[in-house]
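Asks: Pasting a structure below so you can have a look.
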Amino acid sequence: MSNASAPPQGIPLEISRSLLPASTDVLVIGGGIAGAAVAYYLAKAGVEVTLIERGELNREASGTNAGSFHFQLAIHQLSVKGPGADRERLLAEARLSLEAFALWQGLDSELDGSLDVHQTGGWMVAETAEQLQTLYDKHELEQLAGIETEVLTGTTLRARAPYLAEDLLGATYCPMEGHANPLVVAPLYALRAMQSGAQIRTHVEVLGIETSPIGRPERFTVKTDAGVIQAHRIVNCGGAWSGELAAMVGLRLPVRSEGLHVNVTEPRPRMFEPMIQHIGRRLTMKQTNNGNFIIGGGWPSSAAPRPQRYRTIWNSAAGNTAVALRVVPGLADVRVIRTWSGVIAFTDDLSPIVGESELVPGYHACLASTGFTFSPMLARQLAERMTASLDTPPFPKGYSLDRATPTART
Amino acid sequence: MVVGGGPAGISAALVASDAGVRVVLVDERPSLGGQIYKQPGPGFRVTDLAAMDKQFRFGRSLITSVDETDVKILLRTSVLSIEGHQVVLLTDGGRARTITAEKVILAPGAHDRPVVFPGWTLPGVLTAGGLQTMVKTQRVLPGNRILFAGSGPVALAFPAQLAGYGAGIVAALEAGPAPQPLDIVRILRAARGNTGLLRDALRYRTELWHARIPIRYRRMVVRAEGEGRVERIVHAAVDAQWRVLPGTEKVEFVDALCIGYGFVPSIELLRLVGCQFDFDEDLGGLVVRRDDWLRTSVPDVYAAGDGAGVEGSFVAIDEGQLAGLAAAMDLGAISAQTAANDCAPARTRLMRRRALTDATRRLYRVGPGVYELSTPDTVICRCESVRQAALARAIEATDDINVVKAETRAGMGLCQGKNCQRQVAAMISRRHGKPLADIPLASPRAPVRPISISALADDTITGRTLFLPETVPEDGTAQP
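Those protein sequences? They're chains A and B, same order as listed.
Under our numbering, the first residue of the first sequence is numbered 12, with each subsequent residue one higher.
Under our numbering, the first residue of the second sequence is numbered 42, with each subsequent residue one higher.
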């Protein structure tokens, strides 16, 4: 019954469930967007790489987010002191997003596939005077960072966005914002990685890692539930669970995970193109190509033991849609047909964890809080450093894997 | 809280209320009675009760009984989610609200088994349940040349009932075998306590014979064809596994096709709360696991009736009584001794009914061929228009139905997989050689029914944010 003439959509099960290799140069642990991208860039550079994933590819954070590209500064980046504080951090983050987006724009052709990358623009709305002031304050920072934004109010705003509630005080428009389809990116990276020589294995869970002295090719002996694999180098792409994988070699990563709740509606005729967010309340909303509205913004879902999915929470659906309705009154009769949950990783200081550990040489990681937007870029940079000569600049110290591990010296 | 106002739910509510428990009985439809005791729709009135069929009258009496108790009956009300003891309800035209229930009896009933074949989406192709609703509540027939294709007890009863309403039935096709002498013997042995059912079965056969409606055994519809609606169907002989025997196709000209291959339990809520299941295709597939007091594996949740395995309305009534007694006992409203005494008649009847089901199993076994009628071009997911070929491609790379869903969108539409999911699971089972019982379905999610944003939204809810403790909170005040 299989349609053999069409190109394969994914890695055939016969391959992804085949025997684990006995050894590899680089072992990538984690089959989300970070791991798949690292495996791809390494394989393309001719490195022998094996990727292992304990479940299915792209089923956790990478496959359960809404695929948004955030450029203008948003609620989760701001502290209670306002955009003026943490100025340096915010500027750095803003510049990073510009770089990331440049990579995304070329990714369709790099991976020879359709990732549904759309630059739809994005609104960030303000309800109160205080919120409107925040829009103006962050606008200044955005200009400095090179992110194009404009703050609109009154009749100009209403004319540009008639779908927004009339009594909103103002909104920032950023033409650069957009989204891609999270359901296809990591699987396509993995497929191209395999086609470039990487070994991809699913349903392989790491149980423990033994470290041998530096210099030996079998630096790491990795015990899995599908056998033992020796690796010269490891890249921890475990996302929300990267902390557990790091503990296996004595590192503590400043990462925690949270359950995320997302709502999706029935399809409706096109109502708006841009992404819509709120500067003071939790809302990120978009309308997909199929016409469904995806409504999220940082509402929690409730943890459940593996392998169960986290449970979505009624109150999250009710609270989240209330913000959506406040901002776009036209949604009133649109029906929510399901909710889904994801688990996302946050680094404690919001900086990525990328590079090679100095405490455990050979052990690398690639993890970012806004993982969907940044992972392709960070993965490529990591692969470059892992294959390049000594004069490649290192990652910023703020990204260090070792920053949260107490050492005997300190 | 009793969810579902069919025979099981009404019985449970009656018994629990009798025991002094405060009961809320909830049903989505405008009237109680569930699928089997469908009452005439709004705008209709029964003028001569004696002229209505026996099933209707019995259902009416059950409904009258519960109307006379203190049970709070909420009609046109769906349960959208259950979280612990919080039950989220939505009444038509209202807003979502939550009721706290110490015990929940789920009696959600069953729905028509979706059977996928080329042309199944043509207008004029109806399910038995759908046709029954049209006829019972609206007194409308969908056509003049109706062909009935199905199996199981419905295959006998339904065409006979339709004939009674004056429908023009071309033929009744039964996928299973004609009853053999050995079957009759087995059935007669299980007759004790089941004579009513057996008499009915005999009566239906007689009605069909009188109406000159041919019954053809071991035949299934394999294709429906027509321009804009069904105009002809192709049926073929099948083997004991319901697999088509080549070269046996015949064409019939029809204007309506009624499909009745049994029912499958409506398990969304049971799955949502996390109950454990067993698999029995003859009872409709996933069957919730229960102890001898019908408690599920989730504390304070009970299940009764067709929603826990399709065994018909008489079993449903007795299970409802059992579940109602169990809840009352577990709440301390009645003693264990009282419960044990009161449940004895129901338990005896259940044993006898099950003896009959066992005896008829051979006749009503659902064959794996029921999943093998579709072709690469057949639309499997009706909501998202996903064809079998696209699903087959995705299934090359995974045996996980959630991944297939993510790849193809099958199951993401309005019906949330109710029509397509089992077919997709069967495809995975065949391609990867795993038993159907071992293919988990897609993750259960709230809301189990669509709800408009205006009915769902609640702007009084704030609560914790996922992000740094220092982030700007919703109400603008500083937080540590």
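Where a beta carbon is used, it is the ideal one built from N, C-alpha and C, also for glycine.
Using alpha carbons as the reference points, say which of A/E188, A/E177, A/G124 lies closest to A/A113.
Replies: As a first step, residue 113 of chain A must be located in the first sequence, where it is residue number 102. Answer by Cα proximity: A/E188.
Asks: My parser needs the alpha helix (DSSP H) runs of 4 or more residues fully inside the stretch 181-248 of chain A; what are they?
Replies: 193-206
Asks: Using 8 Å as the limit for Cβ to Cβ distance, is B/E309 near chain A?
Replies: Here residue 309 of chain B corresponds to residue number 268 of the second sequence, with the count starting at 1. With 8 Å as the cut-off, B/E309 does not count as an interface residue toward chain A.
Asks: From the DSSP output, in three-state form, read off A/Y52 for me.
Replies: Taking the first residue of the first sequence as position 1, residue 52 of chain A is located at position 41. A/Y52 falls in the helix class under three-state DSSP.
Asks: Taking any Cβ of chain B, which residues in the stretch 249-279 of chain A have a Cβ under 9 Å from it, in chain order?
Replies: E269, G270, L271, N274, V275, T276, E277, P278
Asks: Under 7 Å Cβ-Cβ, which residues of chain B neighbour A/D178?
Replies: If you number the first sequence from 1, residue 178 of chain A lands on position 167. Residues of chain B passing the Cβ test: none, with the nearest at roughly 14 Å.
Asks: On the CB-based measure, 16 or more other CB atoms within 10 Å of its CB, does A/M135 come out buried or exposed?
Replies: Sequence index remark: in the first sequence, residue 135 of chain A carries index 124 (1-based). Of the residues assessed, A/M135 falls on the buried side of the cut-off, its CB having 16 or more other CB atoms within 10 angstroms.
Asks: Any beta carbon of chain A sitting closer than 8 Å to that of B/Q464?
Replies: Position 423 of the second sequence, counting from 1, holds the residue named residue 464 of chain B. False, the Cβ-Cβ gap to chain A never drops below 8 Å.
Asks: Where A/S386 and B/T416 are concerned, what is the direct C-alpha to C-alpha distance, given to the nearest angstrom?
Replies: On the first sequence, position 375 is the one that residue 386 of chain A refers to. On the second sequence, position 375 is the one that residue 416 of chain B refers to. Rounded to whole angstroms, A/S386 to B/T416 spans 40 Å at the Cα level.
Asks: Which runs of the alpha helix (DSSP H) spanning at least 4 residues fall entirely within the stretch 429-496 of chain B, listed in chain order?
Replies: 429-438, 442-449, 462-473
Asks: Are the C-beta of A/L24 and some C-beta of chain B separated by less than 8 Å?
Replies: Translated into positions along the first sequence, residue 24 of chain A becomes position 13. Yes, contact with chain B.
Asks: In this structure, does DSSP put A/S27 in helix, strand or coil?
Replies: Here residue 27 of chain A is taken as the residue at index 16 of the first sequence, counted from 1. Secondary structure of A/S27 (DSSP, three-state): helix.
Asks: From B/A60 to B/E143, what distance separates their C-alpha atoms?
Replies: Along the second sequence, read from residue 1 onward, the residue named residue 60 of chain B stands at position 19. Along the second sequence, read from residue 1 onward, the residue named residue 143 of chain B stands at position 102. Roughly 15 Å separates the two Cα atoms.
Asks: Taking the alpha carbon of A/D236 as the reference point, which residue from A/P285, A/V246, A/E216 has its own alpha carbon closest?
Replies: Locating residue 236 of chain A in the first sequence gives position 225, where the first residue counts as 1. Minimum Cα-Cα distance from A/D236 among the listed residues A/P285, A/V246, A/E216 corresponds to A/E216.
Asks: Alpha carbon to alpha carbon, how far is B/F320 from A/H375? Give it in angstroms, no decimals.
Replies: For the purposes of this step, residue 375 of chain A is identified with residue 364 of the first sequence, where counting begins at 1. For the purposes of this step, residue 320 of chain B is identified with residue 279 of the second sequence, where counting begins at 1. Rounded to the nearest angstrom, the two C-alpha atoms are 45 Å apart.
Asks: State the Cα-Cα distance for the pair A/L126 and A/L194, rounded to the nearest angstrom.
Replies: Working through the first sequence from its first residue, we reach residue 126 of chain A at position 115. Working through the first sequence from its first residue, we reach residue 194 of chain A at position 183. So the two alpha carbons sit approximately 9 Å from each other.
Asks: Determine the extent of the alpha helix (DSSP H) in which A/S75 is found, giving its start and end residues.
Replies: On the first sequence, residue 75 of chain A is found 64 positions in, with the first residue counted as 1. The question names Ser, yet the displayed sequence has Thr at residue 75 of chain A. A/T75 -> alpha helix (DSSP H) spans 72-75.
Asks: Just the Cα atoms here: how many angstroms apart are A/T416 and A/G254?
Replies: To locate residue 416 of chain A, count along the first sequence from 1; it is residue 405. To locate residue 254 of chain A, count along the first sequence from 1; it is residue 243. Answer to the nearest angstrom: the Cα atoms are 11 Å apart.
Asks: Does any CB atom of chain A fall closer than 8 Å to the CB of B/P183?
Replies: Taking the first residue of the second sequence as position 1, residue 183 of chain B is located at position 142. No, no contact with chain A.
Asks: At the level of alpha carbons, what is the spacing between A/V347 and B/A387?
Replies: Reading the first sequence from its first residue, position 336 is the one you call residue 347 of chain A. Reading the second sequence from its first residue, position 346 is the one you call residue 387 of chain B. Distance between the alpha carbons of A/V347 and B/A387: 41 Å.
Asks: If you follow the alpha helix (DSSP H) that B/D499 is part of, which residue opens it and which one closes it?
Replies: Here residue 499 of chain B corresponds to residue number 458 of the second sequence, with the count starting at 1. B/D499 -> no alpha helix (DSSP H), and no H or E assigned at all.
Asks: Would you list the residues sitting across from A/T35 in a DSSP beta bridge?
Replies: Translated into positions along the first sequence, residue 35 of chain A becomes position 24. Beta-bridge pairing links A/T35 to A/A242.
Asks: Under 8 Å, Cβ to Cβ, is there at least one residue of chain D near B/D499?
Replies: Going by chain labels, chain D is absent from the structure shown, which instead holds the protein chains A and B.
Asks: Exposed or buried, which one is B/G207 when buried takes at least 16 other CB atoms within 10 Å?
Replies: Locating residue 207 of chain B in the second sequence gives position 166, where the first residue counts as 1. It counts as exposed.
Asks: Rounded to a whole number of angstroms, what is the C-alpha to C-alpha distance between B/V210 and A/S73?
Replies: For the purposes of this step, residue 210 of chain B is taken as the residue at position 169 of the second sequence. For the purposes of this step, residue 73 of chain A is taken as the residue at position 62 of the first sequence. According to the sequence displayed, residue 210 of chain B carries Ile and not Val. Their Cα atoms are separated by approximately 54 Å.
Asks: Could you spell out where the alpha helix (DSSP H) holding A/G382 opens and where it closes?
Replies: To locate residue 382 of chain A, count along the first sequence from 1; it is residue 371. Element bounds for A/G382: 382-398.
Asks: Considering Cα atoms alone, identify which of B/V145, B/P149, B/V107 is closest to B/R70.
Replies: For the purposes of this step, residue 70 of chain B is identified with residue 29 of the second sequence, where counting begins at 1. Measuring from the Cα of B/R70, the nearest candidate turns out to be B/P149.
Asks: Spell out whether any CB of chain A is found under 8 Å from the CB atom of B/E556.
Replies: Outside the displayed range of chain B (42 to 521) lies residue 556 of chain B, so it cannot be described from this structure.
Asks: When the cut-off is 8 Å and only beta carbons count, does A/Q11 lie next to chain B?
Replies: Limits of chain A in this structure are 12 at one end and 421 at the other, which puts residue 11 of chain A out of reach.
Asks: Taking the CB atoms as reference points, tell me whether A/Q210 and A/T61 lie closer together than 8 Å.
Replies: For the purposes of this step, residue 210 of chain A is identified with residue 199 of the first sequence, where counting begins at 1. For the purposes of this step, residue 61 of chain A is identified with residue 50 of the first sequence, where counting begins at 1. Taking 8 Å as the Cβ cut-off, A/Q210 and A/T61 qualify as a contacting pair.
Asks: Would A/G74 count as contacting chain B if we go by Cβ distances under 8 Å?
Replies: Here residue 74 of chain A corresponds to residue number 63 of the first sequence, with the count starting at 1. By this cut-off, A/G74 is an interface position.
Asks: Measuring straight from C-alpha to C-alpha, what distance separates B/D133 and B/G46?
Replies: Translated into positions along the second sequence, residue 133 of chain B becomes position 92. Translated into positions along the second sequence, residue 46 of chain B becomes position 5. Straight-line Cα distance between these residues: approximately 16 Å.
Asks: Check the Cβ-Cβ distances between A/V347 and every residue of chain B, and say whether any is below 8 Å.
Replies: For the purposes of this step, residue 347 of chain A is taken as residue 336 along the first sequence, with counting starting at 1. Chain B contact via Cβ: present.
Asks: Compile a chain-ordered list of the residues in the stretch 45-69 of chain A whose CB is closer than 7 Å to at least one CB of chain B.
Replies: E67
Asks: DSSP on B/L414, reduced to helix/strand/coil?
Replies: Indexing the second sequence from 1 puts residue 414 of chain B at position 373. In the three-state scheme derived from DSSP, where H, G and I count as helix and E and B as strand, B/L414 is classed as coil.
Asks: Over the uninterrupted beta strand (DSSP E) stretch that includes A/N274, give me the two end residues.
Replies: What you label residue 274 of chain A is simply residue 263 of the first sequence in a count that begins at 1. DSSP places A/N274 inside the beta strand (DSSP E), whose first and last residues are 266-278.
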